[in-house]
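Enquirer: Handing you this structure, nothing more for now.
In our numbering, the protein residues as written are 1 to 123.
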């Protein structure tokens, strides 16, 4: 049990390291979603926690944090002040946005060993 104001321990040991290792593998011009990243890092449903891991990288890492977007194909970092920069970085890699969205069907990346993981499109 944690005291008020203290952070909850990671329910899946090594989650942060697995998230970072996956982000490092995303090829240029491709993207992953936060939920996909959490799933592949062994903590399905922990999209927000994956986002917290990536938020700690902005501006201070060589990892391609910009290649992680939300499940709607949008950049979620506008609310923390990095959205325009993230979109510019992705566009420089050839990722196009139409009406603020990236075409996930064309740009989403899954590691070869997880090719069976992509779910059927919801929309």
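We put the CB at the ideal spot given by N, CA and C, even for glycine.
1. Please check the pair residue 53 and residue 102, which I expect to be a contact at CB under 8 Å, by giving their CB distance rounded to whole angstroms.
2. May I ask you to report which of helix, strand or coil DSSP gives residue 72?
3. Is DSSP giving residue 112 helix, strand or coil here?
4. What residue range is occupied by the uninterrupted alpha helix (DSSP H) comprising residue 49?
5. What are the boundary residues of the alpha helix (DSSP H) that residue 23 is part of?
6. Helix or strand or just coil, what does DSSP make of residue 31?
7. Going by C-alpha distance, which of 36, 61, 22 is nearest residue 72?
8. Nearest to residue 67 by CA position, among 105, 33, 99, is which residue?
9. For residue 100 and residue 17, what's the separation of their Cα atoms in angstroms?
10. Take residue 89 and list the residues in its own chain whose beta-carbon comes closer than 7 Å to its own, dropping the five residues that flank it on each side.
11. Taking C-alpha atoms, which residue in 91, 96, 19, 29 lies nearest to residue 57?
Expert: Walking through what the data contain:
1. Actually they are not in contact, since the Cβ atoms of residue 53 and residue 102 sit about 21 Å apart, beyond 8 Å.
2. It is coil, neither helix nor strand.
3. Helix.
4. For residue 49, the uninterrupted alpha helix (DSSP H) run begins and ends at 47-55, by DSSP.
5. 15-25 is the span of the alpha helix (DSSP H), which, as asked, contains residue 23.
6. In the displayed model, residue 31 falls within a strand according to three-state DSSP.
7. Per the Cα distances, 36.
8. Of 105, 33, 99, the residue nearest in Cα terms is 33.
9. Answer to the nearest angstrom: the Cα atoms are 30 Å apart.
10. If we look at residue 89 and ignore the five residues flanking it on each side, its Cβ neighbours are 66.
11. Of the candidates 91, 96, 19, 29, the one whose C-alpha sits nearest the C-alpha of residue 57 is 19.
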